[in-house]
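Peer 1:
Residue numbers (UniProt numbering): 1 to 457.
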C-alpha cells in the first residue's frame, strides 16, 4: 500500500500571491518586483526541485501517478459505458430526440458549472477529498441511472454529474507531482486513459446491455466507482502540493468560499492567462460543433449504419491514444510551446479546408489524423501553459476552469451545430474552422502569445 502522505520537508518560504513559482513567469508579471522577491522565488524553486529529485520521493511520486492513470482509465470506461446506453434507455422510456437534447444539455450545464468549483475545492481541501467526491458522485450518478424507470428520474440522475470530474482531478495530481519539464508529456499520457475508456467502455457497454439488459452496465459502473473511491482514500496523498504551497492555499482560501466567482475571475485576469484561454476555447470550437453533430452527419451525410459509426469512433479513439501517448511527449522535447500552439492552429486551418471539401467517409478518415493531432496538442499545451501562469496553489482552480471548455461546447453545440448543419450543410463547419483559426494564427503571430519562448520540456 502506498504511503498516504508525500514527504513535506521543503524549506519554508513566504509565498508572494500572483507569482508562478514552478515555471518561468511572464516578463510583465514580474515588473516592479524587488530583487529580494526574485531571490526568494528562485530559492523556493530550488527547494522544490531538490526535494522532488530525491530517489525516495521520485519513486513515491511515480507510484501515485501510475495509480492515478489506472483509476482514471476505470472512471472513463464507466463514463463511456453510460454514454453508450443512455440513448437506448431514453428511447425505451419514451423520450424523443428533442427531450434527449435537453437531457444532454442538462448534463453539459451541470459539468460547466461544476468544473471551476471542483478545482477550487481541490485547492482548498486537498486532492484526496476532491477525487473521493468525484468518484462518490459518480457512484450516485450510475445508481440513479440504474433505477431510472421514468423520464423525471433520468433527468434527476444528471444532478451528481456537477461534481464528476475524475479527468480534471487526475490532471491536478499530475500537475502537482511533476516538474514543468515533465508536465506536458505526463498530461499527454492521460490520452491513453481516455482512449482506453472510449474503446473498452463503448464496446463493453453495448455488449453487456445486449446480454444482460440496459441497466446492467450501470450496476457495474456503481461498483467500479466505489472501488475507485476506496483506492483514492487509501492510496492517494491528502495533499500533493508542497507544504509551503499548501499553507499559502489554506491562508487565502480560508478567507473565500469555494463558490467564489471573484477568485475564479482573478485567475483569468493574471497576465497571459486570458489570451491563452480564449485561444483554447475558440480554436477547437468549430471541430467540437462538428463532433457533437457527428452521429447525425454519419447517418445522413456519410450514410453509415450504427455499427459502422461505432467503428469510426473507435478509430478516432485509437488515433487519440497514439497522438497523446506517443507523439506529444516527443514534440514537447523539441519545440517551444508557442511553436506547438501555432502548429496546432495551422493544422486546424488545414482540417477546416479539408472538411469543407470532403464528400465521403474515406476523406474523413484521412482528415481525422490532423484533426486529432490539433485537438490533442492544443489541449495539452494550453493546459500546461495555464497551470504555469498561475501560482501553484491555484493550479486546481485553473484546471477546473479548463475542464469547463468541453461542457461549454456540449451546452451550446447542439443548438449552434444544428443551425449550421440545417442551413449550410457539412461544409459550414469546415469554413468556420478555417476562418477562426487563420484569424487566431495572425493574432498569435502579431501579439506573441504566449510571451515566453520556452520548451514544454
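Just so you know, even glycine gets a beta-carbon here, dropped at the ideal spot from N, CA and C.
(1) Assuming contact is defined by CB atoms lying nearer than 9 Å, are residue 381 and residue 184 in contact in what I supplied?
(2) Which whole-angstrom value describes the C-beta separation of residue 123 and residue 394, a residue pair presumed to lie in contact below a C-beta threshold of 8 Å?
(3) Curious, which full-length alpha helix (DSSP H) runs of at least 4 residues does the region 151-180 contain?
(4) To the nearest angstrom, how far is it from the Cα of residue 196 to the Cα of residue 261?
(5) Taking the alpha-carbon of residue 281 as reference, which of 348, 359, 419, 92 has the nearest alpha-carbon?
(6) Does residue 449 come out as helix, strand or coil in the three-state DSSP assignment?
(7) What's the gap between the Cα of residue 202 and the Cα of residue 379?
(8) Label residue 421 either buried or exposed according to how many other C-beta atoms from any shown protein chain fall within 10 Å of its C-beta, with 16 as the threshold for buried.
(9) Whose C-alpha, out of 209, 128, 232, 180, is nearest the C-alpha of residue 82?
(10) Answer with buried or exposed for residue 366, where buried requires no fewer than 16 other C-beta atoms within 10 angstroms of its C-beta.
(11) Can you tell me whether residue 438 is helix, strand or coil according to DSSP?
(12) Which residue's Cα is closest to the Cα of residue 75: 110, 232, 337, 101?
(13) Less than 9 Å between the beta carbons of residue 132 and residue 224, yes or no?
(14) If the criterion is Cβ atoms closer than 9 Å, does the pair residue 188 and residue 397 meet it?
(15) Is the beta carbon of residue 143 sitting closer than 9 Å to the one on residue 222?
(16) Helix, strand or coil for residue 240, going by three-state DSSP, please let me know.
(17) So with Cβ pairs under 9 Å, would you call residue 70 a contact of chain B?
(18) For residue 312 versus residue 429, is the C-beta spacing smaller than 9 Å?
(19) Just to confirm before moving on: does the CB-CB distance between residue 163 and residue 137 stay below 9 Å?
(20) Below 6 Å CB to CB, which residues in the same chain sit around residue 101 once its five sequence neighbours on both sides are set aside?
(21) Label residue 360 either buried or exposed according to how many other C-beta atoms from any shown protein chain fall within 10 Å of its C-beta, with 16 as the threshold for buried.
(22) Run the CB neighbour count on residue 176, radius 10 Å, all protein chains shown included, and call it buried at 16 or more, exposed below.
(23) Grouping DSSP H, G and I as helix and E and B as strand, with all else coil, what is residue 149?
Peer 2: In short:
(1) Result yes, Cβ atoms of residue 381 and residue 184 sit closer than 9 Å.
(2) By a beta-carbon distance limit of 8 Å, residue 123 contacts residue 394. Their separation comes to about 6 Å.
(3) The DSSP assignment places 151-156, 166-177 as complete runs of the alpha helix (DSSP H) inside the region 151-180, in order along the chain (cut-off: 4 residues).
(4) Approximately 35 Å, taken between the alpha carbons.
(5) Relative to residue 281, the option among 348, 359, 419, 92 whose CA is nearest is 348.
(6) In the three-state DSSP reduction, residue 449 falls in the coil class, being neither helix nor strand.
(7) One C-alpha to the other measures close to 23 Å.
(8) It counts as buried.
(9) For residue 82, the nearest C-alpha among the options comes from 209.
(10) The residue is exposed, with fewer than 16 neighbouring Cβ atoms inside 10 Å.
(11) Correct three-state label for residue 438: helix.
(12) Selection 110, 232, 337, 101 evaluated against residue 75 yields 232 as nearest (Cα-Cα).
(13) Against a cut-off of 9 Å, the Cβ pair of residue 224 and residue 132 comes out as no contact.
(14) Cβ atoms of residue 188 and residue 397: not closer than 9 Å.
(15) With respect to the 9 Å criterion, residue 143 and residue 222 are classified as neighbours on the basis of their beta carbons.
(16) Residue 240: coil per DSSP, three-state reduction.
(17) The chain inventory of the structure shown lacks chain B, comprising one protein chain alone.
(18) Annotated as distal: residue 312 and residue 429, with beta-carbon spacing of 9 Å or more.
(19) The Cβ-Cβ distance between residue 163 and residue 137 falls below 9 Å.
(20) Beyond the five residues adjoining it in sequence on each side, residue 101 comes within less than 6 Å, by CB distance, of 414 in the same chain, given in chain order.
(21) That one is exposed.
(22) Under this definition residue 176 is a buried residue.
(23) Taken through DSSP and simplified to helix, strand or coil, residue 149 comes out as coil.
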